[in-house]
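Read the structure below first, then the notes.
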Amino acid sequence: MKLSIVLTLATLPSALASSASSGYKRTPVGQYVSAGCKHATEAKAAFCKKSHPKRFECQCTNENALASLVYCAYKETEHDPKERHSFEESFIETCKGKVTQEGIEAAYNRALKKIVSVKDIPNFNKTIPVKVPVKHDHAAYVSGYRTKRSRSRNKDDALEMSFVLLCFWGLVTVLSGLAHVSRRMAPRLWMSASRSLNSVTAFRKLRQYVTMPATHRGKHTEKYGFLGFMPTRLESVIIFIFVTLSVVFHAVRYEYVYPNTVYKTRHAQMGRLVGDRSGMLANCLFVLTWLFASRNSIILAFTGWKQSTMLTYHKAIARTAIASTLVHTISMLVHTLDLGRSKYTTRSQTGWWRWGSVATVAACVILIQAQSWFRMYSYEIFLYLHILLAVFVLAGAWMHTAWFSDEQWYFACAALWCFDRFIRLVRMGYFGFRTAHARVLSAENGIFELVVPKHKAWIAFPGSVAYVYFLGTPLFWQSHPFTIAPAEDGKLRFVIKAKRGATAHILRRLLASPDQSASFRVCVEGPYGNYAPIKHYDHLLLYAGGSGIPGPLCYAKHLGELGLSSRVPFVKLYWVVRHAADLDWYKDDLTALARYSNIQPIVYITRPDSASPLKAEADSLSDDDSEGRACSPQKEGSLTEVTTSLLYSKQFAHVEFRYNRPDTSQLIAGDMADLAGASVAVMSCASPNMVDDIRAAVALAAGSYKSSTIDYYEELQVW
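Under mature numbering (1 follows the signal peptide of the UniProt record, and there is no 0), the letters of the sequence shown match residues -17 to -1, 1 to 702, in that order.
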């Protein structure tokens, strides 16, 4: 983690520092004066046989050209000593030792004695170098000055705007990090401050309507049509501000100059200005894109964000970067075409043009293949194609910008990417390759258990996630993130619902085995995630659904153990399952909760009349009691539920069973009413629609209770 801190703090400043050393610094006004005077004097006469329109070799070596330039600069800055001093410094730097301060003063004195107007030169021919200093044309000076200022200031603005975008995300990260660190380092003070702020109606409504809810229609973890997964409302506000800044930065502070000494038409001039600005902003945005794609970033540890939050910002930044790239490409194409067909033919054959085209095409393909429908169709194909296209974007952009000495931005991109991959390998190497045992828990639901031995130094924490590589399968290169379930010491346990790819292959092998179990060589990368700071609240409400129980159950057992020797929250653990047989997945863990006085497990069985081992046993018992059935006015299903409930009561006497589908909103509203005035943490990991309902209900409660401190922690991650 220390290495990630160093790299994260080093790469972005190094990009800016390298930019500065390469000429990316605020252009001194003296350069505008030099450019204006060069144009104004050369518009009148020639001083050397060859003179480059953008370089000053002639002025640095020819005494008449130098005298004419200095005379022009001194005349145009005679009422502005700072501007004159800037001219002297910048021109000396431009000439790289060929001109000194004394040389400039001597050139000016020579001009005062010998300067003439071109009309006073006998047989004047503009193509033949003159032998004396000549007076400049003021109108030409203004055109040259403004032309230089227009493009240079545009580049300066682009760099400063890039810095603002970096600072924006730095501010978001710092504020989130301070909030996260405060909760961890001073939890009592944090909750005391929260309680005080809750008395302010505006603060409660801010939480209810801005910081806690989903963006629209309550959907965050549930798919929002073809748009995929929507951010939370706070994330949307942050993204909106960022995108607005980016759009504004692409649109303002362009200076159109007429007459322009370089580009004669408006299209050529504005195309170049917009192209330069958008290209430089794209460089910065791509660095941010790579930064937010890493799962080994100090940002995750500092802010406490989930990986899904990082990827939400990653997608927004990447789309903005690609949009900026398209603006750059189109603007430069318009600029080039306006300069003539021959210019297009010449430029299109250069390496920088071709590599830029590679990066642009790859970025556009990424924009399409990264849509949610493609990710859902086949995540593995999406992932590997995404990586391949990202390589082409990085290589193309690097080679393209190297022609203009801007490649330092992509040094940072490559460093961030390589460092993340390196840390992944380090994590895998630290865990090692181990033999895991797998067995089927529910063939009907496609769920199996994986138990992996680990060494003592590898420590998992409640809610932690690890990526598992199944080395004994044809898809050994795939890695899948799973929440670590409670397990005995020295082992990791995962309860996995098979989907496509490696997990489906594992399940098929298990089902084909006589005892539905097998051993596999695996490697585990992790642990990832952050421990939610929940132990200082008065109450903790845990809501889990189906296979989402591992995280909440780990927290419950952890707080139960702490409760044996210290003061911890009272925990209500809600688990919603379809069938009674689903309880077998965590039978031992549910039984273990009986020893904790601060844990109240509540299980909802939404299909209590479904076939299950427990129901079959209940049916056999109820069949024997024929007299009781005849006398009872209850229906058969109701009797089965009652009998099954008796069996549950014997096996899990400490668990409350409810045989219906919970109304999440009413359930949370009831709990919040009972806990009014207390500090309450709510955690969820269930089906997407249930998690979204919980978020909406908690947001409503947070805005309603003045005397309560209510915080929400969402364990479910989707991207």
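Virtual Cβ for every residue (Gly too), placed ideally from N, Cα, C.
| Asked | Found |
| --- | --- |
| Alpha carbon to alpha carbon, how far is A527 from S662? | 21 angstroms |
| Excluding the five sequence neighbours on either side, which residues of its own chain have a C-beta within less than 8 angstroms of the C-beta of A29, listed in chain order? | K109, T110, I111, P112, V113 |
| Nearest-angstrom Cα distance between Y237 and S133? | 7 angstroms |
| In chain order, which beta strand (DSSP E) runs of at least 3 residues are fully inside the segment 10 to 75? | none |
| For D694, write down the residues that DSSP places opposite it in a beta bridge. | A664 |
| Counting only the same chain and skipping the five closest in sequence on each side, list residues whose C-beta sits under 8 angstroms from that of Y124. | G19, C20, H22, A23, C55, E59 |
| Assign T83 to buried or exposed, taking buried as 16 or more other Cβ atoms, counted over all protein chains shown, within 10 Å of its Cβ. | exposed |
| Classify P516 as buried or exposed, calling it buried when 16 or more other Cβ atoms lie within 10 Å of its own Cβ. | buried |
| On the CB-based measure, 16 or more other CB atoms within 10 Å of its CB, does V665 come out buried or exposed? | buried |
| Are the CB atoms of G660 and S691 nearer to each other than 8 angstroms? | yes |
| For the structure I just gave you, are there three or more beta carbon pairs, one from the segment 531 to 540 and one from the segment 500 to 511, closer than 8 angstroms? | no |
| Please return the same chain residues whose Cβ sits closer than 7 angstroms to the Cβ of A345, not counting the five positions on each side in sequence. | L372, F375, V376, G379 |
| Flag P445 as yes when its Cβ comes closer than 7 angstroms to any non-hydrogen atom of the ligand GDP, and as no otherwise. | Ligands are entirely absent from the displayed structure, and the ligand GDP is therefore not among its contents. |
| Determine whether the Cβ of R249 lies closer than 8 angstroms to any Cβ atom of chain C. | Here chain C cannot be found, since the structure has a single protein chain. |
| What are the start and end residues of the alpha helix (DSSP H) that includes L399? | 391 to 414 |
| Evaluate the contact criterion for the segment 179 to 190 versus the segment 309 to 326: three or more CB pairs, one atom per stretch, below 8 angstroms. | no |
| Decide if R476 is buried, meaning its Cβ has at least 16 other Cβ atoms within 10 Å, or exposed. | buried |
| Using DSSP with H/G/I as helix, E/B as strand and the rest coil, what is A685? | helix |
| What are the boundary residues of the beta strand (DSSP E) that E508 is part of? | 500 to 511 |
| Rounded to whole angstroms, what's the CA-CA distance from K555 to Y569? Just pull it up for me. | 17 angstroms |
| Run through the DSSP bridge pairs and tell me what T215 is partnered with. | A197 |
| On the DSSP bridge list, what partners appear for P584? | L556 |
| Check whether the segment 577 to 585 and the segment 549 to 563 touch, using three or more Cβ-Cβ pairs below 8 angstroms as the test. | yes |
| Might you give, ordered along the chain, the residues of its own chain that have their beta carbon closer than 7 angstroms to the beta carbon of F459, omitting 5 neighbours on each side? | Y452, F453 |
| Look at the Cβ atom of C537, then the Cβ atom of G446, and state whether they are nearer than 8 angstroms. | yes |
| Between the Cα of L683 and the Cα atoms of P196, E72, T248, which residue gives the shortest distance? | P196 |
| Give every residue of the same chain whose Cβ lies closer than 6 angstroms to the Cβ of A(-8), excluding the five residues on either side of it in the sequence, and list them in chain order. | With a pLDDT of only 42 at A(-8), under the threshold of 50, the placement of this residue in the model should not be trusted, and no figure is reported. |
| Whole angstroms are fine: how far does the CA of L148 sit from the CA of S229? | 8 angstroms |
| Starting from G262, trace the alpha helix (DSSP H) both ways and give me its first and last residue. | 249 to 274 |
| Report the partner residues of A577 according to the DSSP bridge assignment. | Bridge partners of A577: none, in fact. |
| L493 and A395 look like a contact to me (Cβ under 8 angstroms); what is the Cβ gap, rounded to whole Å? | Between A395 and L493 the Cβ distance is about 45 angstroms, and since that is not below 8 angstroms, they are no contact. |
| Nearest by alpha-carbon distance to R561: which of H369, I104, Y587 is it? | Y587 |
| I'd like to check one pair, V559 with A679: are the Cβ atoms closer than 8 angstroms? | no |
| Quick one: what's E639 bridged to in DSSP? | I585 |
| Residue range of the beta strand (DSSP E) that I479 falls in? | 474 to 480 |
| Under a three-way DSSP split, which group does L83 fall into? | It should be pointed out that residue 83 corresponds to Thr in this sequence rather than to Leu. Note: T83 maps to coil in three-state DSSP. |
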